[in-house]
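Take 0 as the starting number for the sequence shown in numbering that gives the first Met the number 0 and just add one per residue.
Positions of the beta carbon are idealized from the N, C-alpha and C atoms, including for glycine.
A short worksheet on the structure shown next.
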Amino acid sequence: MLGATILADEHDGLSKRNRPPLAAAGPGLIWAFDLGGGRARPIEVCDGETTGFRWLHLSLAHQGTETWINRLTSLPEDVREMLVANDSHQRALVDSGVVGCVIHDFERDFERSDLSQVGVLRFALTADMMITVRLHPIRSADAIRQALDRGNGIDAPADALDLLIGTVAESISTAVRDLSLEVQRAEDAFLDGRDSPTARGLVGLRRRLAMANRMLDGMRAVFRRLEGDEDLPETMVATVERLNQRIQALGADALGVQRQILQLREEIDISVDQRTNQNLYVLSIMTALMLPATFVTGLFGMNTGGMPWAQASHGTLLATLLAFGTAGATYLFLRWMGFMRR
0 MLGATILADE
10 HDGLSKRNRP
20 PLAAAGPGLI
30 WAFDLGGGRA
40 RPIEVCDGET
50 TGFRWLHLSL
60 AHQGTETWIN
70 RLTSLPEDVR
80 EMLVANDSHQ
90 RALVDSGVVG
100 CVIHDFERDF
110 ERSDLSQVGV
120 LRFALTADMM
130 ITVRLHPIRS
140 ADAIRQALDR
150 GNGIDAPADA
160 LDLLIGTVAE
170 SISTAVRDLS
180 LEVQRAEDAF
190 LDGRDSPTAR
200 GLVGLRRRLA
210 MANRMLDGMR
220 AVFRRLEGDE
230 DLPETMVATV
240 ERLNQRIQAL
250 GADALGVQRQ
260 ILQLREEIDI
270 SVDQRTNQNL
280 YVLSIMTALM
290 LPATFVTGLF
300 GMNTGGMPWA
310 QASHGTLLAT
320 LLAFGTAGAT
330 YLFLRWMGFM
340 RR
């Protein structure tokens, strides 16, 4: 059995009879750990004494979560409001040494493996506790729980912040790397001329990249806000600066993938324009070659008196030869003028 209380939306392998009662688990508690002494110890209650650092991961879908947070006097009022708010805007604040943030992360979909939905993760960080809150299952929460369940201890708030943001950043980094590989495969297919991508086919890649860019833009704004806040605890300054640099590097990677997509789009557009121009060129040449022949056949089709070869036994053959002759003469004239190219 896993060493934490996990609701069905976070772990589908835990049977109902093995789950602790909801009252014992606390209001909306998904998992919780006491992290003092360099080791992680799973707990099943939100309240209670602790001698070290505590991490609580809560679900806002539970009706009791908001009530419990609003009664938590160890958090400033504006931080409590941030944890239970309905908005999804990424933001940060520091009040009385407590750091509160709203960031975006990929939602966990148990039926799909792609990263197509963005969810909201809220957290409050005090000197001895991290509270993370979400409405829908979040990918980083599973990764953090697994890391803590392996016994990774956290002795300081800066370590908890580093683990949380580092896990979210790694999830975004994986998405950006996957996008880069897809773009490279599309480029190879385009250069090889097999199953070449279309401009419309790149829309899905651009949409997913735009999603990652919006997440990174918001996180950059959050950490610029934290880095410039004079109330940020001194023990977190170095960690915030390092995480800000990592997010900046991720933004540069995403920008590189965006340039790849734009370059591939330009190459596809150039290829389409070339094919269109080639088709127009062939059509123009065919029209030029057929125009004299059409004139000859139209002339002989007027059915008026004095028509050449009207009484000749081979008049039709002669008119046909004249039509082909004018087409051939037009072809030679176009070659002489330089309009014919290979």
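DSSP three-state assignment for residue 15, whether helix, strand or coil: Per-residue confidence for residue 15 stands at a pLDDT of 34, beneath the threshold of 50, marking its modelled position as unreliable; the derived number appears in the next sentence. Looking at residue 15 - three-state DSSP - the assignment turns out to be helix.
Start-to-end residues for the alpha helix (DSSP H) that takes in residue 189: It spans 156-191 - the alpha helix (DSSP H) in which residue 189 sits, taken as one unbroken run.
Spatial distance of residue 141 from residue 164 (CA atoms): Here the alpha carbon of residue 141 sits roughly 13 Å from the alpha carbon of residue 164.
Completely contained alpha helix (DSSP H) runs for the segment 249-336, where each covers 4 or more residues: Taking only runs of at least 4 residues, the alpha helix (DSSP H) segments lying wholly in the segment 249-336 are 314-336.
Alpha-carbon spacing of residue 52 relative to residue 212, whole angstroms: Residue 52 and residue 212 have their C-alpha atoms some 33 Å from each other.
Range of the contiguous alpha helix (DSSP H) that encloses residue 58: For residue 58, there is no enclosing alpha helix (DSSP H); the residue is part of the beta strand (DSSP E) that begins and ends at 53-58.
Outcome for residue 269 when other beta-carbon atoms lying within 10 angstroms are tallied against a minimum of 16: Exposed: under 16 other Cβ atoms inside 10 Å.
Expected contact under 8 Å - CB spacing of residue 107 and residue 149 to nearest Å: That belief does not hold up - the Cβ atoms of residue 107 and residue 149 are roughly 19 Å apart, past 8 Å.
Three-state secondary structure (DSSP) of residue 106: Residue state, collapsed to three classes: strand.
Cβ-based burial, residue 105 [other Cβ within 10 Å; buried from 16]: Buried: at least 16 other Cβ atoms inside 10 Å.
Cutoff 7 Å; reference residue 181; Cβ partners in own chain excluding five residues on either side: These residues qualify, in order along the chain: 204.
Cβ pair residue 221, residue 89 closer than 8 Å: With a cutoff of 8 Å on beta-carbon distance, residue 221 and residue 89 are scored as near each other.
Cβ shell of residue 98 (< 6 Å), same chain only, five flanking positions each side left out: Hits under 6 Å: 124.
For residue 131: DSSP bridge partner residues: Residue pairing by DSSP places residue 131 opposite 56, 122 in a beta bridge.
Per DSSP, the bridge partner or partners of residue 32: BP columns for residue 32 point to 41, 54.
Any 3 or more C-beta pairs closer than 8 Å across the segment 180-195 and the segment 219-239: Below 8 Å, too few C-beta pairs join the segment 180-195 and the segment 219-239 to call them touching: fewer than three.
Min CB distance residue 210 to chain C below 8 Å: Judged by its chain identifiers, the structure shown contains no chain C, having just a single protein chain.
Residue 170 burial status per 10 Å Cβ neighbour count (16 or more: buried): Under this definition residue 170 is a buried residue.
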